[in-house]
Each structure stands twice: as C-alpha cells, then as structure tokens.
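Trainee: In this note's numbering, the protein residues as written are 129 to 326.
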Ligand SMILES: [Zn+2]
Ligand SMILES: [Zn+2]
C-alpha cells in the first residue's frame, strides 16, 4: 500500500486519519456521539453511566471546548470544534469528548462524591479511556491551538487546502498533483497559493 502524504509531501500517519463518528448537528442532542460515549462507558463496565450519558452541542458556549454536568451524566460540546481545520477536527473532537467523559467516569466510580476535577480519579479515567497524556487545561489549549493557525495554502489545481503556523520560505508545489501529473518533480502549475488567516 502506498503511503499517504499531505500537500507538502509529508507523511500522514494513522493519527491524522479521521475515523471518529461523523457529526451532523450543531445544536441539541447528538445521537451518534451519545451512542459512542455509551459504548465507551460500557467497555469499562460502567453500565449505569452507559445508560444515562448524553452528548449534545451547545452553540452558546464561548471558549470552552466541552463541559461535563456530573449529576446529569451530560456532556456538552462547543460546535466551534466543527470549524477547526480539517486535519485537527477529528482528533480535537475525540479528545474533548474523552476528556469530558473522563469527568463523568471519575464521578461515577467515586460513588458520585465530590472529587477534585482533574485529580487522581480523573487521570485514571483518562488512562482507561485511552488518553493517558491528556492535560487539564483543555479549554485554553483548544483556543491557543485554534489561534495558532496563521497561514493557509491551497493548490490551484486540486483545490486542496492546508494550514500552517509558520509561513513557508521556499516555493512549494502541491505534492499529490506533482506526483500525479509531473512525475513527482516540482511544477509551477501546482504551486501553492498563500493566504494569511485571521
Ligand atoms: Zn476537565
Ligand atoms: Zn493539488
């Protein structure tokens, strides 16, 4: 199988491949993500939580990527997550959902006692949900990463777009197009067009 590469010819790893559920709504309950969260809770034997958990989108949220309402077993997500650059979107959504679910898991396991929001119980839940490296400042992280994207480049031929923090110093052509139409060599017809963001 051929390796997948982005416009710059850089390898695209499995982490960049969006494999998470497709999102269809920006407001109200999301059945797909609710089912997804329930499945995850069931996998770690929290049947009560699996039955109760709901995931919804709240368009009134400001900078927070997500919130967990412990007593209601409810997760709210910020629909701005859907506006993130494509290469970040699936990962950011997955992270946010798991981060918030970890709050519900920790609360459930502690017998619904009051526990420190990002304490040992939460960190254990993160490990069990497959995000052992999750940090506690999800909200700020979401914003700073979002603001970090400064330049967009698009290919005039295939119209693919990619975003970068730093400006490219050299001339770069679209890698997939050069490979498809120019034997893999630089071809000015496919030179990426720069646009400043924000
Ligand atoms: Zn948190
Ligand atoms: Zn192209």
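Think of the CB as a built atom: it goes at the ideal place given N, C-alpha and C, for glycine as much as any other residue.
Using the DSSP secondary-structure output, state which residues sit across from residue 194 in a beta bridge.
Mentor: Position 66 of the chain shown, counted from the first residue, corresponds to residue 194. Partner(s): 205.
Trainee: On the three-state DSSP scale, how would you describe residue 293?
Mentor: Against the chain shown, residue 293 aligns to sequence position 165. DSSP places residue 293 in coil when its eight states are reduced to three.
Trainee: Between 173, 282, 286, which has its C-alpha nearest residue 322's C-alpha?
Mentor: For this step, residue 322 is matched to residue 194 along the chain shown. Taking only the C-alpha atoms, the option nearest residue 322 is 282.
Trainee: DSSP state of residue 288, grouped into three classes?
Mentor: Along the chain shown, read from residue 1 onward, the residue named residue 288 stands at position 160. The answer is coil: DSSP assigns residue 288 none of H, G, I, E or B.
Trainee: Looking only at C-alpha atoms, which of 285, 286, 316 sits nearest to residue 298?
Mentor: Within the chain shown, the letter at position 170 stands for residue 298. Checking every option, the nearest Cα to that of residue 298 belongs to 316.
Trainee: Ends of the beta strand (DSSP E) at residue 282?
Mentor: Residue numbering aside, residue 282 sits at position 154 when the chain shown is read from its first letter. Start and end: 279 to 282.
Trainee: Is there contact here, the region 178 to 187 with the region 204 to 224, by at least three beta-carbon pairs under 8 angstroms?
Mentor: yes
Trainee: Where do the N-terminal and C-terminal ends of the beta strand (DSSP E) with residue 182 fall, by residue?
Mentor: In the chain shown, residue 182 corresponds to position 54, counting from 1. Counting along the chain, the beta strand (DSSP E) containing residue 182 begins and ends at 182 to 185.
Trainee: I'd like the span of the alpha helix (DSSP H) that includes residue 242, first residue to last.
Mentor: Within the chain shown, numbered from 1, the residue matching residue 242 stands at position 114. Residue 242 -> no alpha helix (DSSP H), and no H or E assigned at all.
Trainee: Could you tell me whether the region 222 to 234 touches the region 190 to 202, where touching means 3 or more Cβ pairs closer than 8 angstroms?
Mentor: Counting C-beta pairs with one atom in each stretch, the region 222 to 234 and the region 190 to 202 have three or more that are closer than 8 angstroms, which means they touch.
Trainee: Just mark residue 177 as buried or exposed, buried being the case when its beta carbon has 16 or more other beta carbons within 10 Å.
Mentor: Your numbering for residue 177 matches position 49 in the chain shown. With 16 or more other Cβ atoms within 10 Å, it is buried.
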